[in-house]
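Colleague: One structure, pasted below without further comment.
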Amino acid sequence: MVSPRSISFLRRSNWRSARPFAGLLGSPVAFGLLIVALVAGGWNYVGGEASRAAVAAGNTRISGLERLLSAVKDLETGERGYVLVGGDVYLEPYQKALGAIDTGLAGLGSLAQVPLRQGGTSLAALIADKRDFAARVVAARRDASFDAATEIVRTGVGKQQMDAIRAETAGLQASIARRMEADRSRDAARSLLLSILTAVCAVVAIVLLARLALVRRREAMRMSGLLDGVLANAPVGLGFLDRDLKIRHMNRALAVMSERGFGADLGAPIWAMLPTLADALGPKLAAALHEGLVTPDVPVAVPTPSAPGGVRRFSMSFYPLRGTSSEVEPAIEGVGIVVLDETLRWMVEERMRRSEERFRSLIEASASIVWTATAEGTLHPRQASWTRFTGQDDAAYGGEGFLDAIHVDDRAHTAEAWTVAVSTLQPYETEHRLRRADGEYRHMAVRAVPILAEDGRLREWVGTHTDITERKAAEAAVEAARQAAEDANRAKSQFLANMSHELRTPLSAVIGYSEMLQEELEDLGEPSLIADMKKIESNARHLLGLINDVLDLSKIEAERVEIYAEDFSVAEVVAEVAATVEGLIAKKENALDLTIAEDVGTAHTDVTKLRQCLINLLSNAAKFTENGRIGLTVTRDAEARLCFAVSDTGIGMTDEQVGRLFERFTQADASTTRRFGGTGLGLSITRAFAELLGGTVEVASREGAGSTFTLILPAQFSGPDAGAANGEDTAVGNRILVIDDDAATRDLLARFLEKEGFVVSTAEDGRQGLERARALRPRAILLDVTMPRMDGWSVLRALRADPELGATPIIMVTVLDEQNLAFSLGATDYLHKPIEWGHLKAVTDRFRPGNAEGPILVVEDDPDARERVTTFLEREGFPVRSAEHGKIALEEVAREKPALVLLDLMMPEMDGFGFLRALRTRAEWRDIPVVVLTAKDITAEDRRRLAGQADRVISKGSVSLSDLAQEVRGLVGIPARD
1 MVSPRSISFL RRSNWRSARP FAGLLGSPVA FGLLIVALVA GGWNYVGGEA
51 SRAAVAAGNT RISGLERLLS AVKDLETGER GYVLVGGDVY LEPYQKALGA
101 IDTGLAGLGS LAQVPLRQGG TSLAALIADK RDFAARVVAA RRDASFDAAT
151 EIVRTGVGKQ QMDAIRAETA GLQASIARRM EADRSRDAAR SLLLSILTAV
201 CAVVAIVLLA RLALVRRREA MRMSGLLDGV LANAPVGLGF LDRDLKIRHM
251 NRALAVMSER GFGADLGAPI WAMLPTLADA LGPKLAAALH EGLVTPDVPV
301 AVPTPSAPGG VRRFSMSFYP LRGTSSEVEP AIEGVGIVVL DETLRWMVEE
351 RMRRSEERFR SLIEASASIV WTATAEGTLH PRQASWTRFT GQDDAAYGGE
401 GFLDAIHVDD RAHTAEAWTV AVSTLQPYET EHRLRRADGE YRHMAVRAVP
451 ILAEDGRLRE WVGTHTDITE RKAAEAAVEA ARQAAEDANR AKSQFLANMS
501 HELRTPLSAV IGYSEMLQEE LEDLGEPSLI ADMKKIESNA RHLLGLINDV
551 LDLSKIEAER VEIYAEDFSV AEVVAEVAAT VEGLIAKKEN ALDLTIAEDV
601 GTAHTDVTKL RQCLINLLSN AAKFTENGRI GLTVTRDAEA RLCFAVSDTG
651 IGMTDEQVGR LFERFTQADA STTRRFGGTG LGLSITRAFA ELLGGTVEVA
701 SREGAGSTFT LILPAQFSGP DAGAANGEDT AVGNRILVID DDAATRDLLA
751 RFLEKEGFVV STAEDGRQGL ERARALRPRA ILLDVTMPRM DGWSVLRALR
801 ADPELGATPI IMVTVLDEQN LAFSLGATDY LHKPIEWGHL KAVTDRFRPG
851 NAEGPILVVE DDPDARERVT TFLEREGFPV RSAEHGKIAL EEVAREKPAL
901 VLLDLMMPEM DGFGFLRALR TRAEWRDIPV VVLTAKDITA EDRRRLAGQA
951 DRVISKGSVS LSDLAQEVRG LVGIPARD
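Written as structure tokens, this is what we have:
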């Protein structure tokens, strides 16, 4: 351990504050008191000197008065002697007295000139009178006689004058004495007070300074103790060598270093354990001891097994320690040493050097170009990898010269991105083409990051150029492959569309002709042939169903299935499905149990795909069940999901069969396929449709005990593919749009109009109503006036200004009495609320299709299909005309306005879409109902193009000719002929 006394050898005198008067200046009060004492003492001294000077002056004046009085007396004596004797010898004292009087008056100055009492005569005046009197007496004696002079003396004037002079002189002397006494009294009092003040201030100041000195001493001792503690516990080694260069004192850190490294102890040289250090340290210690030189930072390596790497490294500094004598150059008493253990720092630096070497090697070996730049954005000199790749030297790439190696088309965006990165200190990322030394441009991915100093300032940039030419080529190849795949997909889609048309058209002909032949054979009375024709029709419809399944599967695989969500009554749809499959179920003597919960309500999803799923499940149950029961149970759970459970008492399945049940083109096993037939697509399509609608299909089965398939769908479809309901773009010719913000009024109007045979659409405000009118193109519009977002008048103006909707009849239904305004804006009619239903019926009957005049125009490019439809409609009593394509159809419409148009879409010259656009541009043709009858696979885009243009969209083969005739009757109101 190291004592505080030992550390004192390492101190320097200037480590503490020892400035002159530091204590004095550190106590303002003591300093002030000392100043007061000095001022009081000085004042006392000056006052005493002044008092003594005043006394001396007073004594001088008194003496002067005495001499002046004596001179006057000598004047009178000289006068009397001359009078008595008359000899001139007696005039000498007289003359001397006159000179003495002048001298005395001059010495007294103003004292002789000012009378003692106010109104009296001054001493000078009295003496002047005396002199005049004496001069008369002397003159009388000299010029006359003794008697004349004696006569003058006997008057007593001289005596009176002399008495007055004596009295005045005595008074002046008394006055001066009084003033002197008063001055002595004041001086004594002042001297006493100032002496007391000086003594008190000096004593208090001495006490304060003594206390301050004591406090300073204690503080110095405390600081000395702290300094001793700092030196003893300093993390650096501190020690003292005597003149023999032996260690006399060490602090704790130096002792620890000695134990770990050089092994020296007190009283021994520092190289005691390592003699080799003597050669290295001896000259430096001698220089400090004998020449007073300071030697800093001497590296010392000491082999130490316990040290990392087996060597402990120290840094030593030596400086002379001088004595504290008052000599100009105190003698050197020893050498102070400061030792730092730099083993860890050396190891860190060594690791850093190795890391830098590795980094440099990585840069040299890296396929990327690694570069650094200044904070201003210019490349540092000696960028070896940049020069090696581009061939540019330091001068070439300096400043913005590096841009010359970048392709001219990429320079602008490269420079802009680099400028933004440098100004915002954000990472720099871009791609450009860089010219290689051989002149070839290579695609480069560039990335650089800012390196910030500890204070947040930008120090430099470090970046890389990575060659991505091969990747770019691969991406281009992938893009070309993707484009080729998309082209192939489009070609496949077109092929499917064409195949749909080409396959469905002949099958529709087979089905249609078989229906016609069945009616003719029935008329001819050939029942045996009717059964054969039914088989032909049944197989044709079966083949059409297989084609539809394959087409659906191809759309599912291509992810081209489109969802058309609409609102519908669940119970009604399920009842329709049950009626559709009733014959199929009864074919194998099965019975259908239909159970529909009361709370199933309505749903918003694709009703067509829901029907197909239910028909597939029921058909599947009917296929594998004989003389059994098939159940369809519909419920709605707490999560607003619809559950359609189809159960049967058929053959059931094993777990293995259930596992591959939904695989495409697969049934339970080969024996099942041979026994029951089928392609194995129905269930896989059902599951795919269920998943598209946001639901799933679950199955539970036991071999020999039947199966239960449960279709679970959300009641509200909210998927991204939700489109306009396909029910909204049908029945346009008989559709009325009700626009009213009151829900009760909308419901009442919709119920009444639907009861009257109209198809009704509703909108809850003016803006929505305007959008639905443009999408649906209704036969007529019932419009309220007071509505949010857009009132009825604004809707009426917008409708009349629309070239496609301007001719649509608009009936205002409102509580306002504004008929004149309504008719001026173009309203067709005006109804007041509350509505008179008879009046409403009379108004809407004008827009009912009714018994339309004119023929049915069949527009079909296939001659067989055109002839088949034409023949059947004529047999049903309809007047019919036909056209091969759209252009001829427009000519037929111009020749005679038809009551209805049956339109195919895929035709030469002018297809169905072009015909519809041309037809709806003529105001007088806008009310002609159009039914699209096509074998084309209708897409969402097709439906959008047909929205508001066609009244029905029917797929060929999906309805029979009789059903088609029923659709025509519903639209034109023409009864069949008997």
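In terms of this note's numbering, the sequence shown has 465 at position 465, counting the first letter as 1, and numbering is strictly consecutive. All C-beta atoms in this analysis are idealised placements derived from N, C-alpha and C, irrespective of residue type, glycine included.
Quick check: what's the CA-CA separation for P345 versus P330?
Modeller: Going by the sequence as given, residue 345 is Arg instead of Pro. In a straight line, the C-alpha of R345 is about 38 angstroms away from that of P330.
Colleague: What is the DSSP secondary structure of Q161, counted as helix, strand or coil?
Modeller: Three-state DSSP puts Q161 in a helix.
Colleague: Would you call the CB atoms of T762 and A750 closer than 8 angstroms?
Modeller: Yes, the Cβ-Cβ distance between T762 and A750 is below 8 angstroms.
Colleague: Taking only three categories from DSSP, how would you classify R920?
Modeller: Of the three classes helix, strand and coil, the one that applies to R920 here is helix, per DSSP.
Colleague: Using a threshold of 8 angstroms, state whether the C-beta atoms of L902 and V953 are closer than that.
Modeller: Cβ atoms of L902 and V953: not closer than 8 angstroms.
Colleague: Can you say whether G32 is buried or exposed, counting buried as having 16 or more other CB atoms within 10 angstroms of its CB?
Modeller: Label assigned to G32: exposed.
Colleague: Can you confirm whether the stretch 434-443 touches the stretch 400-408 when touching is taken to mean that 3 or more C-beta pairs between the two stretches lie within less than 8 angstroms?
Modeller: Yes, they touch.
Colleague: Tell me where the alpha helix (DSSP H) around E566 begins and ends.
Modeller: No alpha helix (DSSP H) holds E566; the beta strand (DSSP E) holding it covers E566 to S569.
Colleague: Can you give me the C-alpha to C-alpha distance between L289 and T304, rounded to a whole angstrom?
Modeller: Going by the C-alpha atoms only, they are around 29 angstroms apart.
Colleague: Along the chain, where does the alpha helix (DSSP H) containing R611 start, and where does it finish?
Modeller: Segment V607 to K623, the alpha helix (DSSP H) holding R611.
Colleague: Any idea what DSSP makes of P788, helix, strand or coil?
Modeller: Three-state result, P788: coil.
Colleague: Taking only the alpha-carbon atoms, compute the straight-line gap between E519 and E853 and give it to the nearest angstrom.
Modeller: Their backbone Cα atoms lie some 28 angstroms apart in a straight line.
Colleague: Under a three-way DSSP split, which group does L782 fall into?
Modeller: L782 falls in the strand class under three-state DSSP.
Colleague: Based on DSSP bridge pairs, tell me the residues matched to A763.
Modeller: Answer by DSSP bridge pairing, in chain order: I739.
Colleague: Would you kindly report the start and end of the unbroken beta strand (DSSP E) that includes L238?
Modeller: Taken as a continuous stretch (DSSP letters only), the beta strand (DSSP E) holding L238 covers G237 to L241.
Colleague: Let's see if you can read the secondary structure: which residues bound the beta strand (DSSP E) around E454?
Modeller: E454 -> no beta strand (DSSP E), and no H or E assigned at all.
Colleague: Taking 7 angstroms as the line, does the beta carbon of P506 fall inside it for any heavy atom of the ligand GTP?
Modeller: Here there are no bound small molecules, and the ligand GTP is not part of this structure.
Colleague: Quick check: the stretch 786-796 against the stretch 766-776, are at least 3 beta-carbon pairs closer than 8 angstroms?
Modeller: A contact exists between the stretch 766-776 and the stretch 786-796.
Colleague: So I101 packs on I127, CB below 8 angstroms; how close in whole Å?
Modeller: With a Cβ gap of about 6 angstroms, I101 and I127 count as contacting.
Colleague: Pairing CB atoms from the stretch 68-83 with CB atoms from the stretch 44-58, are three or more of them under 8 angstroms?
Modeller: No, the stretch 68-83 is not in contact with the stretch 44-58.
Colleague: What residue from R866, L524 and G912 has the CA that sits closest to G886's CA?
Modeller: Ranking R866, L524 and G912 by Cα distance to G886 puts G912 first.
Colleague: Would P855 be called buried (16 or more neighbouring beta carbons within 10 Å of its own) or exposed?
Modeller: That one is buried.
Colleague: List, from N- to C-terminal side, the alpha helix (DSSP H) runs of 4 residues or more that fit wholly inside the stretch 856-894.
Modeller: For the stretch 856-894, whole alpha helix (DSSP H) runs of length 4 or above, ordered along the chain, are 863-875.
Colleague: Could you spell out where the beta strand (DSSP E) holding M910 opens and where it closes?
Modeller: Element bounds for M910: n/a, residue is neither H nor E.
Colleague: At which residues does the beta strand (DSSP E) containing Y319 begin and terminate?
Modeller: Note, Y319: beta strand (DSSP E), V311 to R322.
Colleague: Measure the alpha-carbon distance for A177 versus E79 and round it to whole angstroms.
Modeller: Roughly 32 angstroms between the two C-alpha positions.
Colleague: Would you report the Cα separation of L194 and N44, rounded to the nearest angstrom?
Modeller: Approximately 6 angstroms between the Cα atoms of the pair.
Colleague: So the candidates are G456, L34, V203 and I810; which of them puts its Cα closest to the Cα of D784?
Modeller: Here the closest residue by C-alpha is I810.
Colleague: Within this structure, are the beta carbons of H465 and V446 separated by less than 8 angstroms?
Modeller: Result yes, Cβ atoms of H465 and V446 sit closer than 8 angstroms.
Colleague: Rounded to whole angstroms, what is the Cα-Cα separation between A232 and H249?
Modeller: If I take the Cα positions, the gap works out to 10 angstroms.
Colleague: Identify every residue that forms a DSSP beta bridge with E698.
Modeller: DSSP output for E698 lists T710 as bridge partner(s).
Colleague: Does the distance from the CB of T686 to the CB of N616 come in under 8 angstroms?
Modeller: Yes; because the gap between Cβ atoms is below 8 angstroms, this pair is in contact.
Colleague: Three or more beta-carbon pairs under 8 angstroms between the stretch 198-217 and the stretch 166-181, yes or no?
Modeller: No, the stretch 198-217 does not touch the stretch 166-181.
Colleague: Can the beta-carbon of R141 be found closer than 8 angstroms to that of V83?
Modeller: In this structure, V83 lies closer than 8 angstroms to R141 by Cβ.
Colleague: Take D741 as the anchor and find which of F752, M787, L816 and L111 has the nearest alpha-carbon.
Modeller: Per the Cα distances, M787.
Colleague: Answer yes or no: do L890 and A918 have a C-beta to C-beta separation smaller than 8 angstroms?
Modeller: Yes, the pair counts as a contact, with Cβ atoms nearer than the cut-off.
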